[in-house]
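Under the numbering used here, read the sequence shown as residues 1028 to 1543, first letter to last. What follows is a single structure, written as structure tokens, with notes after it.
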Amino acid sequence: MRLLLVDDEIFVRERIIRQIDWKNLGIQEVKTAENGVDALRMMAECKPDILISDVRMPQMDGIKLVEEVKRLSSDCKIIFISGFSDVPYLRSAIRLKAINYVEKPIDMEELAQSIRNAVKDIQTDHIAQNGLQMIQQKDESERNASIAKGLTQEETAKKAATLLSEVENPDAYGYFATAIVQILGLSEDQSLSEETALDFVKKSFSDTQVRAIGFLRNDKIILQLFCESSESKRKDVLSLYFAVLANLIEQEGLRCVSVIGRFVKNPGELPLSYDTAMQTQSKCFYKYHGYLGFYQQFSGKPFDLSQLSIAEFSHALKKDSEQALLFLVNSLTTQLKQFNATSPYEVKRFYYAIIMLMLRAAQKENIQLHDSFADEYALLNYINHLDFFDDLHEFTAETIHLYYEKVHNNLTGNAIVNQIIRYLNQNYHNPDLSVTMVSEYVNLSSTYVCHLFKSTLSTTIGDYLTQLRIEKAVEMMQTKNYKIKEIAHKIGYRNGNYFSYRFKKIMGYSPSENAK
């Protein structure tokens, strides 16, 4: 396989070239480019299978480069690297269907795993294409012998013939379809053997009206269904069989969802049914365990998440409004459930971006939100393994609640004082800000609020507000060349001279001296 590495920093390119074991990853040829323009010129020549690109580069950035590459070759697998963890770039990576988004400084093991995943995807694509070509080239007897087991992308036709031989007179059946039963909850401690799985299938499909043969592949039971008549392929009939199968699997402490691909009238067309079953399987993300889905039930356009700005969620977070943020997430979840053609991958990435907003904000407050996740990559891995949209929504809502709960209890140990501090931080620029406004905000008397604040922090609300405003003034002086009068107005003082007086009293020198 061929790989093109694009980064404007030569030491980054050399470090990646030197530290990655390319041969072990199955990469035979590696080319490098220092910017998007050079990379685009090289595409036609080297035709890479995998593109690793920095996001921010001169002349042409990585996002623009990949957009151009996608027009030339939709099969090229993309991995982004960047020192900028901006949400807009994460959104662009999602839209362009990148394998991963690796932040600088680069963890070489993480990058190697991303390359390994890309290679695996390419190999799977090649195997699927070659498998379909082989099936199309076989004569009738060979095709029938490869249908059942051939879909596993394995070179074992003997077992396929054995499976098909279990069905007496397959020509007597009028309708055929591939079903996929996704087993949920498998782990090192919880497994399901092929012998047990096939025994469940045998018990579930025990009559001749609907026959099923199949095999276990990783976490899926692949079934070939043989239905006698159009009546026997109806959902209400097939639901009975799959309900028995789901119940047997549940007795093992596991769960499942099942899908049935398009019905065909010739066993030789079962690969088409398999493809449609695979398409349908992703839609189960919007359902629940025990669900049985049919290919024709899913239609409509996907929701375009690339048109949805994460900034709205960020704004709600900055406003310190748990209700507003939950409302946005609830509204998005409701909307997405109406667009079940939306890629679960894109949905998970967008909700991951929402959760990352809270994690970044929590880090600034020195708060650990989720103790069970070592880093954000462990969190992303957890999200990727969520089986259902409802689980993802619930986890997001719980994280929002957890964030606000920990923030509220983190500042001073007193939730009311914390609430007052956040209110002052949000409204210090208001020259009319007063103790009365603060007490009305927390719905307590002014006397009690003043007493509680001073007993907790050993300072008055007025002194705290003055100190806060002066700190904001110093920040402004250090970041931009504001006039003293402008700074005064921006931090809540109507009179520039009074601001200068307060500033010198606290800092020991005048604002004009600080600006020099």
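Where is the CB? At the ideal position from N, CA and C, for every residue including glycine.
Residue pairing from DSSP places glycine 1241 in a beta bridge opposite Leu1250. Within the segment 1276-1349, the runs of alpha helix (DSSP H) that reach at least 4 residues and sit entirely inside it are, in chain order, 1297-1308, 1338-1345. With a cutoff of 8 angstroms on beta-carbon distance, alanine 1224 and isoleucine 1287 are scored as not near each other. The C-alpha of alanine 1199 lies about 37 angstroms from the C-alpha of tyrosine 1313.
Taking every protein chain shown into account, the CB of serine 1259 has 16 or more other CB atoms within 10 angstroms, so this residue is buried.
If you draw a straight line from the Cα of glutamate 1036 to the Cα of leucine 1052, it is about 24 angstroms long.
Glutamine 1251 and histidine 1428 have their C-alpha atoms spaced approximately 46 angstroms apart. Within the same chain, and ignoring the five residues on either side of asparagine 1441 in sequence, the residues whose Cβ sits closer than 6 angstroms to its Cβ are Thr1483. The Cβ neighbour count for histidine 1420, taken over all protein chains shown within 10 Å, is at least 16; the residue is labelled buried. The C-alpha of aspartate 1065 lies about 40 angstroms from the C-alpha of glutamine 1308. Here the segment 1298-1307 makes no contact with the segment 1332-1349; the two share fewer than three CB pairs at distances below 8 angstroms.
A Cβ-Cβ contact shorter than 8 angstroms links valine 1444 with phenylalanine 1480. Spatial neighbours of phenylalanine 1416 in its own chain (CB-CB distance under 6 angstroms, excluding positions within 5 residues in sequence) are listed in chain order as Phe1312, Tyr1313.
Taken through DSSP and simplified to helix, strand or coil, isoleucine 1394 comes out as coil.
Annotation for phenylalanine 1530: the continuous alpha helix (DSSP H) segment containing it runs 1523-1534.
For serine 1482, the enclosing alpha helix (DSSP H) starts and ends at 1473-1484. With a threshold of 16 other beta carbon atoms within 10 Å, aspartate 1088 meets it and is buried. Out of Thr1361, Cys1254, Ile1106, Leu1319, the CA that lies nearest to the CA of aspartate 1234 is found in Cys1254. With distances taken between CA atoms, valine 1264 lies nearest to Phe1321 out of Leu1299, Gln1278, Phe1321. In its chain, beyond the 5 residues on either side, Phe1242, Leu1243 have a beta carbon closer than 8 angstroms to the beta carbon of glutamate 1221. In this structure, tyrosine 1455 places its C-beta atom within 8 angstroms of the C-beta atom of glycine 1519. DSSP, read as helix, strand or coil, puts valine 1057 in strand. Taken atom to atom, the span from the alpha-carbon of threonine 1360 to that of alanine 1145 is near 30 angstroms. The Cβ-Cβ distance between leucine 1275 and aspartate 1414 does not fall below 8 angstroms. Contact check for alanine 1343 against leucine 1332 fails: the beta carbons are separated by 8 angstroms or more. About 6 angstroms separates the beta carbons of phenylalanine 1340 and leucine 1355, which is inside the 8 angstroms limit, making them a contact pair.
The residue among Ile1240, Met1464, Gln1334, Ile1079 with its C-alpha nearest the C-alpha of isoleucine 1054 is Ile1079. Rounded to whole angstroms, the gap between the alpha carbons of lysine 1328 and lysine 1262 is 24 angstroms. Taking the Cα of leucine 1031 as reference, the smallest distance to any Cα among Arg1068, Pro1075, Gln1046 is reached at Pro1075. In this chain, the alpha helix (DSSP H) harbouring glutamine 1446 covers 1442-1454.
Of the candidates Ala1139, Arg1045, Tyr1475, Phe1232, the residue whose Cα lies closest to the Cα of leucine 1272 is Phe1232. In the DSSP annotation of this structure, the continuous segment of the beta strand (DSSP E) that includes threonine 1205 starts and ends at 1202-1211.
Here DSSP, grouped into helix, strand and coil, assigns serine 1259 to helix. When the alpha-carbon of glutamine 1236 is set against those of Gln1209, Leu1267, Asp1216, Glu1215, the nearest one is in Leu1267.
Around the beta carbon of alanine 1401, a 10 Å sphere encloses fewer than 16 other beta carbons of the protein chains shown; the residue is thus reported as exposed.
At least 8 angstroms separates the beta-carbon of glutamine 1209 from that of glycine 1280.
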